[in-house]
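> Following this message is one structure expressed as structure tokens.
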Amino acid sequence: ARARQAALAEITALRTRVQDAQATLARAQGDLAAAGATLRGVQANADRRAQEAQDAQVSLDAALRDLNLDAAQARAAALPENDIAALEAAARTHEADVAQLRSALADLDRQLGTAPFDPAHLAQVTRDLTATDAALTAAREQAGRLAEQERQLRERLDRKADIHARAQAASRALDTWQTLTNSLKANEFQQFLLAEIEAQLLTRAGILLHEISDGRYRLALQDGEYVVQDLWNAGEVRGVKTLSGGETFLASLSLAIALSDYLAGNRVLGALFLDEGFGTLDPQALEAVANALENLRTQGRMVGVVTHVESLSERLPSRLLVTKSVAGSSVQRFDL
């Protein structure tokens with residue numbers, strides 16, 4: 005594109021110089037013709053006056069001979085001295101004008117460096133101008149072809165850029181699907197979902213444990229293991245193996261309730277039954293269990309406990325006593 009612009013600029017400059025030269029030549033030829041005409045007129049006038057002066061001199065000489073007078077006598081008798089001086093001054097002025105015209109004509113000849121008018125030179129200039137016009141036309145046609153090629157090239161580049169962009173998007177999508185496929189093959193996706201579910205259960209169970217333990221305990225996950233934070237003991241972190249029976253029951257109960265809530269989804273589970281080995285708990289643990297069940301009841305949950313421990317069942321606000329006999333089993337209800 006830059007080469008094309010440079011060629012066009014050079015051709016335009018050449019054409020301008022040719023046009024300027026032709027205009028200068030035309031003006032110079034006009035001036036030369038005018039000066040030549042003026043010079044020829046002056047020359048003819050001078051020749052005519054010289055001839056008239058010569059004829060007048062011949063007539064004067066003849067008249068003087070007829071009058072027997074010499075030139076001095078004839079001059080004294082013909083015109084006053086002032087008139088003769090005026091005529092001589094006019095003659096000198098005329099000669100100066102002729103000399104000035106001849107000098108101007110010589111200057112024009114030097115400027116042109118050629119004959120006053122050279123038809124062959126003018127024809128050559130005309131041919132050069134025609135060739136320049138032809139070259140300019142060819143350059144414009146070439147510029148048009150180059151512009152069309154440039155347009156087509158830009159279109160191809162645009163299409164290539166669009167294809168490249170779509171290819172990159174497809175490659176990114178393929179990478180995503182490939183990563184997902186590899187994850188599914190390696191069970192990474194299931195592990196990710198399980199980790200998300202576990203995190204939700206842990207958060208919910210931690211809140212429940214904090215509530216049913218009167219704000220003392222909270223569940224956490226540390227290095228892939230469940231731990232309990234004792235908030236009454238400066239946030240001490242304890243492994244589940246170090247928990248007492250009652251503390252273990254509270255943590256398990258919290259996880260069980262959190263799991264039931266998750267499985268219920270948007271539905272509300274109003275009842276929960278526990279069938280635990282409460283008989284292995286010491287009195288302090290049983291007290292913690294009873295307090296936790298009471299807290300759950302105040303939260304609007306109905307918790308059923310299957311137990312043979314009378315000290316625990318007596319703490320429940322409503323209970324069903326199942327008695328075995330030979331005739332079968334009987335049920336009695338007791339409300340506090």
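Numbering (our numbering), first residue to last: 5 to 340.
We put the CB at the ideal spot given by N, CA and C, even for glycine.
Treat the numbers as computed from the prediction; the structure is a model and nothing was measured.
1. What is the C-beta distance between F282 and V313, in whole angstroms, given that I count them as a contact (C-beta under 8 Å)?
2. Just curious, the alpha helix (DSSP H) that S329 is in, first and last residue?
3. Who are the Cβ neighbours of D279 in its own chain at under 6 Å, not counting the five residues just before and after it?
4. What separation, rounded to the nearest whole angstrom, lies between the Cα atoms of A174 and S258?
5. Which residue's Cα is closest to the Cα of L247: N86, A238, A289?
6. In the DSSP assignment, find the unbroken alpha helix (DSSP H) run with R301 in it and report its ends.
7. Taking A2 and L213 to be in contact with their CB atoms under 8 Å, please state how far apart those CB atoms are, rounded to whole angstroms.
8. In chain order, what residues of the same chain lie with their CB nearer than 8 Å to the CB of A224, ignoring the 5 residues before and after it?
9. May I have the straight-line CA-CA distance separating E298 from S329, to the nearest angstrom?
10. Whose C-beta lies closer than 8 Å to the C-beta of E184 among residues of the same chain, with five residues either side of it excluded?
11. Measure the CB-CB distance between V307 and L324 and report whether it falls below 9 Å.
12. Tell me which same chain residues have a C-beta within less than 6 Å of the C-beta of P321, skipping the five on either side of it?
13. Going by Cα to Cα distance, which pick from R106, E251, R301, E318 is closest to L285?
14. By how many angstroms is the C-alpha of T327 removed from the C-alpha of A2?
15. Would you kindly report the start and end of the unbroken beta strand (DSSP E) that includes F338?
16. Let me know if F253 comes out buried or exposed under the rule of 16 or more other beta-carbons within 10 Å of its beta-carbon.
17. Measure the beta-carbon distance from I216 to L300 and round it to whole angstroms, keeping in mind my assumption that it falls under 8 Å.
Looking at the atomic coordinates:
1. 5 Å
2. Taken as a continuous stretch (DSSP letters only), S329 belongs to no alpha helix (DSSP H), being part of the beta strand (DSSP E) at 322-329.
3. V310
4. 47 Å
5. A289
6. 287-302
7. Nothing about residue 2 can be read from this structure; the chain reaches only from 5 to 340.
8. L206, G210, Y230, V231, V232, Q233, V241
9. 32 Å
10. Residue identity check: residue 184 is Leu in the sequence provided, not Glu. Cβ neighbours of L184 beyond the five flanking positions: F193.
11. no
12. L340
13. E251
14. The requested residue 2 does not occur in the structure, where the chain is confined to residues 5 to 340.
15. 332-339
16. buried
17. 6 Å
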